[in-house]
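Peer 1: This is the structure, below, for whatever I ask next.
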Amino acid sequence: QKEVEQNSGPLSVPEGAIASLNCTYSDRGSQSFFWYRQYSGKSPELIMFIYSNGDKEDGRFTAQLNKASQYVSLLIRDSQPSDSATYLCAVKPGRRALTFGSGTRLQVQP
Amino acid sequence: DAGVIQSPRHEVTEMGQEVTLRCKPISGHDYLFWYRQTMMRGLELLIYFNNNVPIDDSGMPEDRFSAKMPNASFSTLKIQPSEPRDSAVYFCASSLFAGSNEQFFGPGTRLTVL
Chain P
1 QKEVEQNSGP LSVPEGAIAS LNCTYSDRGS QSFFWYRQYS GKSPELIMFI YSNGDKEDGR
61 FTAQLNKASQ YVSLLIRDSQ PSDSATYLCA VKPGRRALTF GSGTRLQVQP
Chain C
1001 DAGVIQSPRH EVTEMGQEVT LRCKPISGHD YLFWYRQTMM RGLELLIYFN NNVPIDDSGM
1061 PEDRFSAKMP NASFSTLKIQ PSEPRDSAVY FCASSLFAGS NEQFFGPGTR LTVL
């Protein structure tokens, strides 16, 4: 079992819709969770992170954690074509380094 | 700050040749990470350093891979001998300290081994 799993997609949503991205993680001791965005041919960049004590909203982005089910979600409201990218979920299991999922490709259709 | 700098940006080599990838982290960052990204395996951590000391190299695929950090501003990842299955994008990233929430990635080196 991979430590962090994501559906590879592509997830296709129309412009203006809500895009919902999910990942599951295996280490129950994980305390912090990250979402990175990676445009094609570019390097990953951090867009949001949350700790195990709560959800977080930042503009059009909301990150949510379900500890009981061990999954993290990223909601993108009012999706724009510029949001089209691969979204990487990453988990920090205790004191170890980040572990990344393989990413979900999001396509926002104009 | 210029961000994380990697060189070369592209490398094409033949099987059996030695390849050296270079990274300059952001000044003041204590942690440096080397990743490999492929379509099949996603983004994999190869090794990371804290204050120039290797902390976890369990992701290094085999003895053909080696990494060094001789000082706080420079690291190398070497593959000797290279094989076609090593073809990937190799990213270097740095972060400020252990509890830092953000790793800053370099632009990557696209390696093609023929």
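Order-wise, the sequence lines are chains P and C. Using the numbering used here, the first residue of the first sequence is number 1, and each one after it goes up by one. Using the numbering used here, the first residue of the second sequence is number 1001, and each one after it goes up by one. Yeah, the Cβ is synthetic: ideal placement off N, Cα and C, and Gly gets one too. Fair warning: this is a prediction, and the values are worked out from it, not measured in the lab.
(1) What residues in the segment 1083-1113 of chain C bring their beta carbon closer than 7 angstroms to a beta carbon of chain P?
(2) Using a Cβ-Cβ cut-off of 8 angstroms, state whether Gly1042 of chain C counts as contacting chain P.
(3) Closest Cβ-Cβ distance between Phe33 of chain P and chain C: below 8 angstroms?
(4) Express the C-alpha separation of Ser69 of chain P and Pro10 of chain P in angstroms, rounding to a whole number.
(5) Sorted by chain position, which residues of the same chain lie with C-beta nearer than 7 angstroms to Arg1036 of chain C's C-beta, five sequence neighbours on each side aside?
(6) Sort C:Leu1111, C:Ala1093, C:Ile1005 by Cα distance to Ile1079 of chain C and report the nearest one.
(7) What residues match up with Pro14 of chain P in a beta bridge as DSSP calls it?
(8) Would you check if there are 3 or more beta carbon pairs closer than 8 angstroms linking the segment 18-32 of chain P to the segment 1006-1021 of chain C?
(9) Which residue comes first and which comes last in the beta strand (DSSP E) that contains Gln1037 of chain C?
(10) In or out: Arg37 of chain P buried (at least 16 other Cβ within 10 Å) or exposed?
(11) By DSSP's criteria, Gln6 of chain P is part of a beta bridge. Which residues make up the other side?
(12) Hey, is Glu44 of chain P's beta-carbon within less than 8 angstroms of any beta-carbon in chain C?
(13) Mind checking the segment 1068-1081 of chain C against chain P and listing, in chain order, the residues whose C-beta falls within less than 8 angstroms of any C-beta there?
Peer 2: Checking against the coordinates, here is how it stands:
(1) For the segment 1083-1113 of chain C, which is checked against every Cβ of chain P, the residues closer than 7 angstroms are Phe1091, Asn1101, Glu1102, Gln1103, Phe1105, Gly1106, Pro1107, Gly1108.
(2) Chain P contact via Cβ: present.
(3) False, the Cβ-Cβ gap to chain C never drops below 8 angstroms.
(4) Rounded to whole angstroms, Pro10 of chain P and Ser69 of chain P show a C-alpha spacing of 24 angstroms.
(5) Shown here for Arg1036 of chain C: same chain residues with a beta carbon closer than 7 angstroms to its own, the five before and five after excluded, namely Glu1044, Leu1046, Ala1088, Tyr1090 in chain order.
(6) It is C:Leu1111 whose Cα lies nearest to the Cα of Ile1079 of chain C.
(7) Note: Pro14 of chain P sits in a beta bridge opposite P:Gln109.
(8) Between the segment 18-32 of chain P and the segment 1006-1021 of chain C there are fewer than three inter-stretch CB-CB distances shorter than 8 angstroms, so the stretches are not counted as touching.
(9) Where Gln1037 of chain C is concerned, the enclosing beta strand (DSSP E) starts and stops at 1031-1038.
(10) Arg37 of chain P is buried by the Cβ-count criterion.
(11) BP columns for Gln6 of chain P point to P:Cys23.
(12) Residue identity check: residue 44 of chain P is Pro in the sequence provided, not Glu. Yes, contact with chain C.
(13) Hits within the stretch: zero.
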